[in-house]
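Colleague: Have a look at the structure that comes next, please.
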Amino acid sequence: MSKINFPKDFIWGSATAAYQIEGAYNEDGKGESIWDRFSHTPGNIENGHNGDIACDHYHRYEEDIKIMKEIGLKSYRFSISWPRIFPEGTGQLNQKGLDFYKRLTNMLLENGIMPAITLYHWDLPQKLQDKGGWKNRDTTDYFTEYCEAIFKSLGDIVPMWITHNEPRVVALLGHFLGIHAPGIKDLRTSLEVSHNILLSHGKTVKLFREMNIDAQIGIALNLSHHYPVSEKPEDIAAAELSFSIAGRWYLDPLFKGCYPEDALEYYKKKGIELSFPQDDLKLISQPIDFLAFNNYSSDIIQYDPSDESGFSFAESILDKFEKTDMGWIIYPEGLYDLLMLLDRDYGKPNLIISENGAAFKDEISSSGRIEDTKRIQYLKSYLTQAHRAIQDGVNLKGYYLWSLMDNFEWSFGYNKRFGIVHVNFETQERKIKDSGYWYKEVIKNNGF
Ligand code: IFM
Numbered sequence: 014m015s016k017i018n019f020p021k022d023f024i025w026g027s028a029t030a031a032y033q034i035e036g037a038y039n040e041d042g043k044g045e046s047i048w049d050r051f052s053h054t055p056g057n058i059e060n061g062h063n064g065d066i067a068c069d070h071y072h073r074y075e076e077d078i079k080i081m082k083e084i085g086l087k088s089y090r091f092s093i094s095w096p097r098i099f100p101e102g103t104g105q106l107n108q109k110g111l112d113f114y115k116r117l118t119n120m121l122l123e124n125g126i127m128p129a130i131t132l133y134h135w136d137l138p139q140k141l142q143d144k145g146g147w148k149n150r151d152t153t154d155y156f157t158e159y160c161e162a163i164f165k166s167l168g169d170i171v172p173m174w175i176t177h178n179e180p181r182v183v184a185l186l187g188h189f190l191g192i193h194a195p196g197i198k199d200l201r202t203s204l205e206v207s208h209n210i211l212l213s214h215g216k217t218v219k220l221f222r223e224m225n226i227d228a229q230i231g232i233a234l235n236l237s238h239h240y241p242v243s244e245k246p247e248d249i250a251a252a253e254l255s256f257s258i259a260g261r262w263y264l265d266p267l268f269k270g271c272y273p274e275d276a277l278e279y280y281k282k283k284g285i286e287l288s289f290p291q292d293d294l295k296l297i298s299q300p301i302d303f304l305a306f307n308n309y310s311s312d313i314i315q316y317d318p319s320d321e322s323g324f325s326f327a328e329s330i331l332d333k334f335e336k337t338d339m340g341w342i343i344y345p346e347g348l349y350d351l352l353m354l355l356d357r358d359y360g361k362p363n364l365i366i367s368e369n370g371a372a373f374k375d376e377i378s379s380s381g382r383i384e385d386t387k388r389i390q391y392l393k394s395y396l397t398q399a400h401r402a403i404q405d406g407v408n409l410k411g412y413y414l415w416s417l418m419d420n421f422e423w424s425f426g427y428n429k430r431f432g433i434v435h436v437n438f439e440t441q442e443r444k445i446k447d448s449g450y451w452y453k454e455v456i457k458n459n460g461f
């Protein structure tokens, strides 16, 4: 096979999120987050796990940056814990919390690793949840207040900013299915939440431009390609509708200033008539510098009159695919098709893969190595498709592997390992897996 070369200046990174790795959940003045509350409530997380200690990154960030350096990362994407900065969500700033991120950012820069900051990766201050959380429109202003404090302190040294991570997951899992914090189960609420999150994104981009920050800003959506299970027109229509609900519901407001008609119609049939102020959509659709997206798998959809939505996931076909430990099918061509779709339907934006990776049950072998060959195969196959899309003209600028290290995988606790660095959660010992050494070579050679 010929060598796969990525463009010069391609950003090779890896990603984490505050609640999943930091621990120190109540240190140095940090306030309670909705994930602290949710994970401390019995029954919400497998094995009763929580993020109280996680990877103890708050205390071990120096060691972790050394590992990043050893792997040769060009960039590191991490998130800031809002309640570390504003324990009450608004008002009094906690300097010690801010200082932690300054130390982290400075040390990354000293080591030649570009920091890429996600401003919201799900850990809302509990105090704001007590006022209605993301359903409360005021939260959009509290968010910009928090972002302004961060921009003032780090805006001149951090080149890449992501407002939100996966608004759909917050809306769907947190406010409709109730399996993520804050554990709400209400469709209308989840739709209001998704709108307010997008609105807070828009307000933050506006603020960022007004502050004349010399850096790039975007948002990270979770996206997967939706395929019809057959060529039958009803399956094709079902796949289109499901992608409108899952993907275009976020993409269209951001790029076209409107919500997709078929999805609005779908909610109307469910008795939820939605209309949003035009001014909101204007804010939401302000130009961004890049669209980031997280992609792991693909969805296969069938027309299903027995389901109240009229479609469902085609479970029967899933056995034909290999799956990761999350049960997600491995279909790298889905990444290619998604990249092509974004390029075609949304005006050739600059794109960043802000997460891609796989959970497997990694164990330390008798030789002391972590031989995660399945992960290497997965990464290779997805990167091959990313490269194919670049060759076909897509403006893909970077790739962040999820995740740098094994960490707290939300409702699954520590039972899913996504890292290229193994973490022993008893001793906090870190060990680079074979995939980490493989990624090191990829970065060094700008391909494989
Ligand atoms: O761990 C999560 C991350 O926080 C958001 N994107 C998906 C990852 C794997 O489930």
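In this note's numbering, the protein residues as written are 14 to 461. Using N, Cα and C, we set each Cβ at its ideal position, and we do this for glycine too. Computed from a prediction, not measured in an experiment: that's the story for all the values here.
1) Starting from the N-terminal side, write out each stretch of the beta strand (DSSP E) that is 3 residues or longer and does not extend beyond the segment 100 to 129.
2) On a Cα-Cα basis, can you pick out the residue from 357, 126, 410, 345 that is closest to residue 366?
3) Under DSSP, the alpha helix (DSSP H) around residue 32 begins and ends at which residues?
4) In the structure shown, what three-state DSSP assignment does residue 60 receive?
5) Taking 8 angstroms as the cut-off, is the CB of residue 431 close to at least one heavy atom of the ligand IFM?
6) Please name the residue in 52, 80, 56 whose C-alpha comes closest to that of residue 67.
7) Report the option in 296, 316, 200, 363 whose CA atom is closest to the CA atom of residue 283.
8) Report buried or exposed for residue 64, applying the criterion of at least 16 other Cβ atoms within 10 angstroms of its Cβ.
9) According to DSSP, what are the bridge partners of residue 434?
10) Using a beta-carbon distance below 9 angstroms, is residue 130 in contact with chain B?
11) Exposed or buried, residue 377, counting other C-beta atoms within 10 Å across all chains shown (16 or more means buried)?
12) May I have all residues whose beta carbon comes closer than 7 angstroms to any heavy atom of the ligand IFM, sorted in chain order?
13) List the endpoints of the continuous beta strand (DSSP E) containing residue 527.
14) Curious, which full-length alpha helix (DSSP H) runs of at least 4 residues does the segment 134 to 198 contain?
15) Just grab the DSSP bridge partners of residue 336 for me.
16) Need the endpoints of the beta strand (DSSP E) that residue 315 sits in, please.
17) Taking 6 angstroms as the limit between beta carbons, can you name the residues of its chain near residue 173, skipping five residues before and five after?
18) Closer than 7 angstroms by C-beta to residue 93: which residues in its own chain qualify, once you throw out the five before and the five after it? Chain order, please.
19) Is residue 440 helix, strand or coil when you go by DSSP?
20) Thinking C-beta only, is residue 178 closer than 9 angstroms to residue 307?
21) Pairs of beta-carbons, one from the segment 376 to 391 and one from the segment 322 to 332, closer than 8 angstroms: are there three or more?
22) Reducing DSSP to helix, strand and coil, say where residue 260 ends up.
23) For the segment 233 to 240 against the segment 285 to 298, are there 3 or more C-beta pairs whose distance is under 8 angstroms?
24) Hey, is the segment 272 to 287 in contact with the segment 341 to 352, meaning 3+ C-beta pairs nearer than 8 angstroms?
25) Report buried or exposed for residue 222, applying the criterion of at least 16 other Cβ atoms within 10 angstroms of its Cβ.
26) Just to confirm the assignment, what range does the beta strand (DSSP E) spanning residue 225 have?
27) Is it buried or exposed, residue 246, if we count other Cβ atoms within 10 angstroms and call 16 or more buried?
28) Using only CA atoms, which one of 459, 253, 430, 417 lies nearest to residue 354?
29) Pairing CB atoms from the segment 67 to 85 with CB atoms from the segment 25 to 44, are three or more of them under 8 angstroms?
Modeller: The relevant details are as follows:
1) Fully enclosed beta strand (DSSP E) runs of 3 or longer: not present.
2) Working through the sequence shown from its first residue, we reach residue 366 at position 353. When each option's Cα is compared against that of residue 366, the closest is 410.
3) Here the question's residue 32 lines up with position 19 in the sequence shown. For residue 32, the enclosing alpha helix (DSSP H) covers residues 31 to 34.
4) Position 47 of the sequence shown, counted from the start, is the residue given in the question as residue 60. Three-state result, residue 60: helix.
5) Within the sequence shown, the letter at position 418 stands for residue 431. Yes.
6) Against the sequence shown, residue 67 aligns to sequence position 54. For residue 67, the closest alpha carbon among the candidates 52, 80, 56 is that of 52.
7) In the sequence shown, the residue the question calls residue 283 occupies position 270. The option with the nearest alpha carbon to residue 283 is 200.
8) As a first step, residue 64 must be located in the sequence shown, where it is residue number 51. Classification of residue 64: buried, given that the 10 Å Cβ count is 16 or more.
9) The residue you call residue 434 lines up with position 421 of the sequence shown. Answer by DSSP bridge pairing, in chain order: 418, 445.
10) Among the chains of the structure shown, chain B does not appear; only one protein chain is present.
11) Mapped onto the sequence shown, residue 377 falls at position 364. Result: exposed.
12) 30, 33, 134, 178, 179, 182, 235, 307, 309, 339, 368, 415, 416, 422, 423, 431
13) Because the chain spans 14 through 461 in this model, residue 527 falls outside it and cannot be assessed.
14) 139 to 142, 151 to 167, 180 to 188
15) Locating residue 336 in the sequence shown gives position 323, counting from the first residue. In DSSP, residue 336 forms a bridge with 342.
16) Sequence index remark: in the sequence shown, residue 315 carries index 302 (1-based). Here the beta strand (DSSP E) through residue 315 covers 312 to 316.
17) Position 160 of the sequence shown, counted from the start, is the residue given in the question as residue 173. Contacts found: 129, 229.
18) Locating residue 93 in the sequence shown gives position 80, where the first residue counts as 1. Result list for residue 93: 31, 114, 130, 132, 163, in chain order.
19) Translated into the one-based positions of the sequence shown, residue 440 becomes position 427. Here residue 440 sits in coil by DSSP.
20) Position 294 of the sequence shown holds residue 307. Position 165 of the sequence shown holds residue 178. Cβ distance < 9 angstroms, so residue 307 and residue 178 count as in contact.
21) no
22) The sequence position of residue 260 within the sequence shown is 247, counting from 1. Three-state DSSP puts residue 260 in a helix.
23) no
24) Short answer: they don't touch.
25) Reading the sequence shown from its first residue, position 209 is the one you call residue 222. Answer is exposed; the Cβ neighbour count stays below 16.
26) Taking the sequence shown and counting its residues from 1, the one referred to as residue 225 is at position 212. First-last for residue 225: undefined, no H or E at that position.
27) Taking the sequence shown and counting its residues from 1, the one referred to as residue 246 is at position 233. In this structure residue 246 is exposed. Its beta-carbon is surrounded by fewer than 16 other beta-carbon atoms within 10 angstroms.
28) One-based indexing of the sequence shown puts residue 354 at position 341. 253 is the residue among 459, 253, 430, 417 whose C-alpha sits nearest the C-alpha of residue 354.
29) Flag = yes, the segment 67 to 85 and the segment 25 to 44 touch.
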